[in-house]
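Visitor: Questions regarding the structure given below will be posed in turn.
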Amino acid sequence: MAHTLTITFISLLIATTFVRIWLGRRHIAHVQSHRNQVPQAFSENIALEAHQKAADYSADKTKLALLEATVQAVLLAALTIGGGLQWIDDAWRNLILDHEIARGALVIVSAMLVSSMIDLPFEYYKTFVVDEKFGFNKMTPAMFFSDLVKQSVVGIILGAPILFAALWLMQGAGQYWWLYLWIIWSAFNLIMLAVYPTFIAPFFNKFTPLEDQALKQRIESLLTKCGFKSQGLFVMDGSARSSHGNAYFTGFGASKRVVFFDTLLDRLNADEIEAVLAHELGHFKHHHVIKRIAMMFFVSFLGLALLGWLMNQDWFYMGLGVSEASNHMALVLFLLVSPVFLFILRPIMASYSRKNEFEADSYAAQHANAKYLIEALVKLYRDNASTLTPDPLHSAFYDSHPPASIRISKLAAYTS
1 MAHTLTITFI SLLIATTFVR IWLGRRHIAH VQSHRNQVPQ AFSENIALEA HQKAADYSAD
61 KTKLALLEAT VQAVLLAALT IGGGLQWIDD AWRNLILDHE IARGALVIVS AMLVSSMIDL
121 PFEYYKTFVV DEKFGFNKMT PAMFFSDLVK QSVVGIILGA PILFAALWLM QGAGQYWWLY
181 LWIIWSAFNL IMLAVYPTFI APFFNKFTPL EDQALKQRIE SLLTKCGFKS QGLFVMDGSA
241 RSSHGNAYFT GFGASKRVVF FDTLLDRLNA DEIEAVLAHE LGHFKHHHVI KRIAMMFFVS
301 FLGLALLGWL MNQDWFYMGL GVSEASNHMA LVLFLLVSPV FLFILRPIMA SYSRKNEFEA
361 DSYAAQHANA KYLIEALVKL YRDNASTLTP DPLHSAFYDS HPPASIRISK LAAYTS
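Position one of the sequence shown corresponds to residue 1 (UniProt numbering), numbered consecutively onward.
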């Protein structure tokens with residue numbers, strides 16, 4: 001059984017890496033082949049120069065992502081069947097003999113730290129080379145590493161209790177430890193949704209109340225009409241890090257907030273902002289966030305139940321390069337390898353996300369003006385250098401939002 005798992009894992013890892021590379025190269029070729037002509041639907045609003053910039057930006061990002069995916073696959077193989085995790089476990093065992101939970105936590109943190117250190121150069125390159133090249137980056141190296149430190153601190157403060165709770169339950173809570181952990185994990189996520197906007201997000205960005213009274217009144221009128229109660233309307237200093245623009249809802253229950261990037265407010269007029277907000281309200285009215293939370297809880301329930309069974313199977317460890325079974329090894333192996341086995345679900349999830357976007361667009365067209373949403377989207381496509389001509393197969397596999405031409409075409413039907 002262990003040999004079968006090894007062969008299956010290696011085969012899937014190679015196959016998923018190959019698919020990523022094949023789809024990425026296909027996407028780059030498709031975008032570049034359409035680089036010299038703006039699609040007819042956008043020709044009046046997007047200049048050829050801006051279209052070419054988007055094509056080149058998409059190609060550069062995809063090339064970097066392919067290299068990162070390849071390196072991550074090699075690292076995963078090294079940590080598992082290559083014996084990396086076993087080496088880390090042995091090293092900590094020599095230092096900490098008596099405390100199983102502490103040693104387990106250190107093994108897991110070490111493995112995640114190695115993975116993060118591999119990801120860091122790619123993130124740095126994307127920010128200071130790719131985004132800088134196309135005029136999007138506003139960060140300094142000092143700000144980049146300051147954010148990294150903050151993220152690490154927040155991750156330790158929030159993650160350490162969950163990690164120790166998981167290891168403690170696995171050790172002493174009996175065969176249904178996974179169910180207790182699932183309850184704790186679900187409660188933790190609900191609490192985070194409520195407290196993130198008020199206590200965590202301001203640790204990274206500055207949020208100020210929307211000061212434009214005319215726009216504020218208009219937005220509040222739309223919120224009231226749509227039955228949405230929020231804690232307030234806020235502007236985030238997105239321009240401190242990037243020139244990309246966006247708007248979103250955050251929070252849960254009474255802590256819900258409406259947040260606009262300052263870059264978005266600088267680019268769109270009041271009609272367009274209202275239309276974008278109506279789209280976000282569409283997600284609220286269709287319960288997309290609640291459905292996603294429910295889906296996350298369902299998947300985590302199944303995943304933890306599966307882990308509860310796998311941790312008692314010797315072949316699970318042996319087949320993935322670990323010679324000695326333990327609670328922490330079961331947990332870290334499951335966290336590392338499950339994305340490989342779930343990769344096939346990616347296009348299904350992307351399709352579901354695009355369906356949600358169409359529903360939100362439909363809601364926006366009914367409660368605002370589809371014409372202004374089209375104008376807003378075209379500006380955002382242009383200013384964010386989003387390609388107008390993605391490869392259809394790559395888009396179907398990965399993209400959470402519909403391709404620009406399809407989305408605009410559907411919205412245009414509401415204006416006729």
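The beta-carbon is built from N, C-alpha and C at its ideal position, and this holds for glycine as well.
Do you know offhand how far A330's Cα is from L85's?
Guide: Near 11 Å, if we compare the C-alpha coordinates of L85 and A330.
Visitor: Just list the residues that DSSP pairs Y248 with in beta bridges.
Guide: The partner list for Y248 (beta bridge, DSSP) reads V259.
Visitor: Could you give the residue range of the alpha helix (DSSP H) that holds M236?
Guide: Here M236 belongs to no alpha helix (DSSP H); instead the beta strand (DSSP E) covers 233-236.
Visitor: T127 by DSSP, collapsed to three states: which one?
Guide: Helix.
Visitor: Indicate whether L223 and K379 have their beta-carbon atoms separated by less than 8 Å.
Guide: In this structure, K379 does not lie closer than 8 Å to L223 by Cβ.
Visitor: With a threshold of 6 Å on Cβ separation, who are the neighbours of Y381 within its own chain once the five nearest residues in sequence on each side are excluded?
Guide: Excluding positions up to five away in sequence, the list reads A404.
Visitor: Between which two residues does the beta strand (DSSP E) harbouring F207 extend?
Guide: Where F207 is concerned, the enclosing beta strand (DSSP E) stretches over 207-209.
Visitor: Please check the pair D391 and R26, which I expect to be a contact at CB under 8 Å, by giving their CB distance rounded to whole angstroms.
Guide: Indeed, because the Cβ distance is near 5 Å, the residues count as touching under 8 Å.
Visitor: With the cut-off set at 8 Å, would you say W168 and I101 are in Cβ contact?
Guide: Yes.
Visitor: According to DSSP, is S386 helix, strand or coil?
Guide: It is coil, neither helix nor strand.
Visitor: On the DSSP bridge list, what partners appear for G137?
Guide: Residue identity check: residue 137 is Asn in the sequence provided, not Gly. Paired residue(s): S242.
Visitor: With distance defined between alpha-carbon atoms, name the residue in H401, S146, L333 nearest to T80.
Guide: Nearest of H401, S146, L333 to T80, Cα basis: L333.
Visitor: Would R218 and A270 be called neighbours here (beta carbons separated by less than 8 Å)?
Guide: In this structure, A270 lies closer than 8 Å to R218 by Cβ.
Visitor: Return the CA-CA distance between L64 and V74, expressed in angstroms with no decimal places.
Guide: Using only the alpha carbons, I get a separation of about 16 Å.
Visitor: Take V153 as the anchor and find which of F341, F234, F203, L193 has the nearest alpha-carbon.
Guide: It is F203 whose Cα lies nearest to the Cα of V153.
Visitor: Which residue wins for smallest C-alpha separation from V38, given the options G308, G24, K53, A29?
Guide: Measuring from the Cα of V38, the nearest candidate turns out to be K53.
Visitor: Would you say the stretch 272-284 touches the stretch 304-319, given that touching needs at least three Cβ pairs under 8 Å?
Guide: Judged by Cβ distances under 8 Å, the stretch 272-284 makes no contact with the stretch 304-319, as fewer than three pairs qualify.
Visitor: If you pair each beta-carbon of the stretch 204-215 with each one of the stretch 231-251, do three or more pairs fall below 8 Å?
Guide: At 8 Å Cβ cutoff, the stretches touch.
Visitor: Can you give the beta carbon distance from V337 to L320, rounded, assuming they're within the 8 Å contact cut?
Guide: Contact holds; Cβ gap of about 6 Å.
Visitor: Excluding the 5 residues preceding and the 5 following S230 in the sequence, name in chain order all residues of the same chain whose CB lies nearer than 7 Å to its CB.
Guide: Contacts found: L223, K256, R257, V258.
Visitor: Tell me the rounded alpha-carbon separation between A364 and D147.
Guide: Taking the straight line joining both Cα atoms gives about 35 Å.
Visitor: Near F358, which residues of its chain fall below 7 Å by C-beta distance, leaving aside the five closest residues on each side in sequence?
Guide: These residues qualify, in order along the chain: P402, K410.
Visitor: So H244 and N384 are supposed to be a Cβ contact under 8 Å. How far apart are they, rounded?
Guide: The Cβ separation is near 5 Å, so the contact holds.
Visitor: Between which two residues does the alpha helix (DSSP H) containing P339 stretch?
Guide: Unbroken alpha helix (DSSP H) run through P339: 327-342.
Visitor: Any idea if G172 is buried or exposed, counting beta-carbon neighbours within 10 angstroms, 16 or more meaning buried?
Guide: Burial call: exposed.
Visitor: Could you tell me the distance, in whole angstroms, from the CA atom of H51 to the CA atom of E44?
Guide: Whole-angstrom Cα-Cα distance: 12 Å.
Visitor: I believe W178 touches L345 by the beta-carbon criterion, under 8 Å. Please report the beta-carbon distance rounded to the nearest angstrom.
Guide: With 8 Å as the limit, W178 and L345 do not qualify as a contact, their Cβ atoms being about 21 Å apart.
Visitor: Rounded to a whole number of angstroms, what is the C-alpha to C-alpha distance between T4 and A77?
Guide: Rounded to the nearest angstrom, the two C-alpha atoms are 16 Å apart.
Visitor: According to the Cβ coordinates, are K371 and S239 closer than 8 Å?
Guide: Not closer than 8 Å, so no.
Visitor: Just tell me which of A59, I406, S110 has its CA closest to the CA of D89.
Guide: Taking only the C-alpha atoms, the option nearest D89 is S110.
Visitor: Where do the N-terminal and C-terminal ends of the alpha helix (DSSP H) with H407 fall, by residue?
Guide: Per the sequence shown, residue 407 should be read as Arg rather than His. Counting along the chain, the alpha helix (DSSP H) containing R407 begins and ends at 404-412.
Visitor: With a threshold of 7 Å, establish whether the CB of R407 neighbours any heavy atom of the ligand NAD.
Guide: Because no ligand of any kind appears in the structure shown, any question about the ligand NAD cannot be addressed here.
Visitor: Under three-state DSSP, which class holds I96?
Guide: In this structure, I96 counts as coil in the three-state DSSP scheme.
Visitor: Which value, in whole angstroms, describes the spacing of the CA atoms of L158 and F188?
Guide: One C-alpha to the other measures close to 9 Å.
Visitor: Sorted by chain position, which residues of the same chain lie with C-beta nearer than 8 Å to G82's C-beta, five sequence neighbours on each side aside?
Guide: Contacts found: G321.
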